[in-house]
Each structure stands twice: as structure tokens, then as C-alpha cells.
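Input: a single structure, listed below in C-alpha cells.
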């Protein structure tokens, strides 16, 4: 099981839910299951409206997180994934910070998912 903490100004407070690792649910699916409104339009990885920032919590090294071809293209076009980050992700199996909630498969690690509440708008980084 993984703890998934959703954080957005529209939520009022952070919401932590449990997700079963290996059931192949996307972040968007987990959010919908718990009535957490992440903006989404196409739900297919093409529009970028479900842009989120994912931070792995704890001391464990993040598990390999495969980027779909659609996610690579959409994040690149929207300026959230450059060539160096893509190479690092593919060579070292280290996920980039920005992802699409409709493409990210939840694994067995605790994560913080930050989003602005506006379609395709990145959340300001926490200081």
C-alpha cells in the first residue's frame, strides 16, 4: 500500500489516501475514487490539463516509473520535460518532478501530489 497525499489550494487542506500498489490505477483514477478534483480534459495524456508535481516521500529510492510516449511528448511541448531530464529518467530510472495524473501509475511508495487546481498550470514550489 502507498500513502498518496494530494495538495492543492482548492482542497483547503492536504488529503492523504491509501492506494493499492500494483492495481494499475493512475493518479487520476485514485483521485477520482476519493472525490479529489484534479483538472482533466482528455484523460489520455494528450492535453496536459492534469499536470501535477510528484515528490517521493521517505528515504527509499523511487521505483522505476515509466513515462508513456504521450506523456513524454505532452510534458516536452509544455516545457515541463527537457532533453536532460528525459535522458536522466530513462537512463537512471528516476522520475521527473512533473507528471500527468492520467498517465502516472501509482506504485508502492508514499508520494506527495501537488497541483494548482487549474488545468495545465503548475503548482508553485514549496519552500
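Residue numbers (this note's numbering): 265 to 391. No residue lacks a Cβ here, since even glycine has one placed at the ideal position from N, Cα and C.
C-beta atoms of residue i and residue j nearer than 8 Å
i, j, result
"residue 374", "residue 266", "yes"
"residue 306", "residue 365", "no"
"residue 384", "residue 312", "yes"
"residue 317", "residue 378", "yes"
"residue 321", "residue 275", "no"
Inter-residue spacing [alpha-carbon to alpha-carbon] between residue i and residue j
i, j, result
"residue 308", "residue 382", "18 Å"
"residue 369", "residue 291", "6 Å"
"residue 298", "residue 279", "9 Å"
"residue 310", "residue 287", "23 Å"
"residue 336", "residue 358", "14 Å"
"residue 372", "residue 268", "10 Å"
"residue 391", "residue 319", "The predicted position of residue 391 is uncertain, since its pLDDT is 38 and thus under 50; a value taken from the coordinates is nonetheless stated next. Those two C-alpha atoms are separated by around 14 Å."
Helix, strand or coil at residue i [DSSP, three-state]
i, result
"residue 364", "strand"
"residue 338", "helix"
"residue 391", "With a pLDDT of 38 at residue 391, under the threshold of 50, the predicted position of this residue should be treated as unreliable, though the coordinate-derived value follows. Residue 391: coil per DSSP, three-state reduction."
"residue 290", "strand"
Residue i - partner residues in DSSP beta bridges
i, result
"residue 271", "378"
"residue 317", "362 and 378"
"residue 281", "268"
"residue 300", "Beta-bridge pairing links residue 300 to no other residue."
Integer Cβ distance of residue i from residue j, believed to fall under 8 Å
i, j, result
"residue 331", "residue 362", "Actually they do not touch by this definition, with Cβ atoms about 11 Å apart."
"residue 360", "residue 349", "5 Å"
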